[in-house]
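To start, the structure itself, in structure tokens.
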Amino acid sequence: MNRNKINQIHLEVIDNLSKNIKKKRCDMGISQSHLSALSGVENTTISRLENMEIANPKLLTLSKLAKGLNTTIASLITAALSLANHCCIEQYLN
5 MNRNKINQIH LEVIDNLSKN IKKKRCDMGI SQSHLSALSG VENTTISRLE NMEIANPKLL
65 TLSKLAKGLN TTIASLITAA LSLANHCCIE QYLN
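Counted the way the working numbering counts, the sequence shown spans residues 5 to 98.
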């Protein structure tokens, strides 16, 4: 697999992770500030994550967010990887 493809997959995973975090937060009906209070992650970090401004989020940050979102870090990451994998498979089939 070439470097461009790897970078594309990485961006898809980060995009999916960002969307997943925002969706879970919105499903809970809480603001970024409220999630910040629940998780101990700074509000600006949450905003940057949701807007894909952080390309390599720290596992500790994701762990804290997962706790604040009443989920697991595995759930956040698995959903992001699953969506990215689905996109890659579709590209190869088309």
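We put the CB at the ideal spot given by N, CA and C, even for glycine. Just so it is clear, the structure is predicted and the values come from calculations on it, not from any experiment.
Bounding residues of the alpha helix (DSSP H) (the contiguous stretch that carries residue 49):
47-54
Reference residue 44, options 80, 75, 81 and 67, closest by Cα
67
Rounded to whole angstroms, what is the Cα-Cα separation between residue 34 and residue 72?
Their backbone Cα atoms lie some 11 Å apart in a straight line.
Within 8 Å, do at least three Cβ pairs link the region 79-87 to the region 35-55?
no
Where does residue 57 fall in DSSP's three states?
coil
Pick helix, strand or coil for residue 35, following the three-state DSSP scheme.
coil
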